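Here the sequence shown is numbered in this note's numbering, starting from 66 and rising by one per residue. Here's the structure, in structure tokens; my notes come after.
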Amino acid sequence: MTLSSKGKGLVTGANFKGGDVEVVNKDQSVAELTTSDAKLEIELSIEKGLGFSAAEDKEEAPFGSMAIDSVFSPVTKVVYKVEDERVGRTSNYDKLTLEVWTDGAISPEDAVMQSAAVLTQFFGHVANNADEKAGSAKTNSSAEGAKRVADEKVNEIIIDELDLPTRVINALLREKIETVGDLVTRGPEALANLKGVGRKSISLIEKEVEKFGVKIELS
Numbered sequence: 066m067t068l069s070s071k072g073k074g075l076v077t078g079a080n081f082k083g084g085d086v087e088v089v090n091k092d093q094s095v096a097e098l099t100t101s102d103a104k105l106e107i108e109l110s111i112e113k114g115l116g117f118s119a120a121e122d123k124e125e126a127p128f129g130s131m132a133i134d135s136v137f138s139p140v141t142k143v144v145y146k147v148e149d150e151r152v153g154r155t156s157n158y159d160k161l162t163l164e165v166w167t168d169g170a171i172s173p174e175d176a177v178m179q180s181a182a183v184l185t186q187f188f189g190h191v192a193n194n195a196d197e198k199a200g201s202a203k204t205n206s207s208a209e210g211a212k213r214v215a216d217e218k219v220n221e222i223i224i225d226e227l228d229l230p231t232r233v234i235n236a237l238l239r240e241k242i243e244t245v246g247d248l249v250t251r252g253p254e255a256l257a258n259l260k261g262v263g264r265k266s267i268s269l270i271e272k273e274v275e276k277f278g279v280k281i282e283l284s
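Here's what the structure looks like:
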């Protein structure tokens with residue numbers, strides 16, 4: 066995506082052209098040219114992500130480029146209120162009221178639905194892990210059984226649970242590496258070729274998976 070503007074005036078998001086994306090906040094101020102002979106040209110690299118990514122986390126920015134903080138969330142503001150609610154003769158219910166604002170990329174309704182889906186998936190992993198622990202306590206401690214439980218454990222630890230920079234998590238998810246088990250399967254060769262994942266990031270991954278009792282030599 067590129068921007069090219071000449072002459073005195075305000076430059077906004079509407080000045081960006083090209084790329085297979087739509088600028089939803091076209092009135093967003095980018096710069097102001099103060100003289101008639103002023104000229105501004107920008108070439109912008111865009112990526113998908115989750116949450117927030119700080120500029121200093123971008124390890125491999127091309128020469129001549131300037132990394133900036135990235136805010137991926139389309140939700141700009143949330144207000145919630147919990148009130149007592151009466152249903153029939155029963156008054157010990159709670160009512161949750163949500164007010165959600167977005168930047169226009171998605172509707173507030175879709176934002177709430179997607180957030181609920183993510184939360185449901187997370188609690189599903191928690192419940193499955195609890196069920197596995199309860200079940201494993203009743204099984205025998207044979208070598209084969211222990212190995213099977215260990216394999217299932219790494220397959221159930223999702224990448225989002227690791228304390229890694231958002232940039233690293235996004236790079237892994239783009240390559241369909243969604244669990245620690247995927248890390249083991251794909252091996253160091255696949256990680257070495259991931260865009261934006263350098264030696265420092267690989268070292269962080271090693272330390273994080275060790276917290277779950279899994280040792281992976283990636284570097």
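The beta-carbon is built from N, C-alpha and C at its ideal position, and this holds for glycine as well. The model shown is predicted, which means the values in this text are computed figures rather than measured ones.
(Q) Can you look up residue 192 in the DSSP assignment and give me helix, strand or coil? (A) What you label residue 192 is simply residue 127 of the sequence shown in a count that begins at 1. Secondary structure of residue 192 (DSSP, three-state): helix.
Q) Sorted by chain position, which residues of the same chain lie with C-beta nearer than 7 Å to residue 75's C-beta, five sequence neighbours on each side aside? A) Reading the sequence shown from its first residue, position 10 is the one you call residue 75. 94 and 97, listed in sequence order.
Q) Do residue 227 and the ligand FAD come close, with the Cβ less than 7 Å from some heavy atom? A) What this structure holds is no ligand at all, so the ligand FAD is not there to describe.
(Q) Please report the straight-line C-alpha distance between residue 264 and residue 132, rounded to a whole angstrom. (A) Here residue 264 refers to the residue found at position 199 when the sequence shown is read from its first residue. Here residue 132 refers to the residue found at position 67 when the sequence shown is read from its first residue. Each residue's alpha carbon lies about 20 Å from the other.
Q. Which residues in the same chain as residue 159 place their Cβ atom closer than 8 Å to its Cβ, once the five residues preceding and following it in sequence are excluded?
A. By 1-based counting over the sequence shown, the position of residue 159 is 94. A distance below 8 Å between beta-carbons, with the five flanking residues on each side excluded, links residue 159 to the following residues of its chain, in chain order: 147, 148, 149 and 150.
Q. Run through DSSP, which three-state label would residue 246 get?
A. Residue mapping note: residue 246 aligns to position 181 of the sequence shown, counting from 1. Three-state result, residue 246: helix.
Q) Taking just the CA atoms, how far does residue 153 sit from residue 115? A) Taking the sequence shown and counting its residues from 1, the one referred to as residue 115 is at position 50. Taking the sequence shown and counting its residues from 1, the one referred to as residue 153 is at position 88. Cα-Cα distance, rounded: 42 Å.
Q. Got a sec, what are the start and stop residues for the beta strand (DSSP E) residue 143 sits in?
A. Locating residue 143 in the sequence shown gives position 78, counting from the first residue. Counted as a single uninterrupted DSSP element, the beta strand (DSSP E) harbouring residue 143 occupies residues 140-152.
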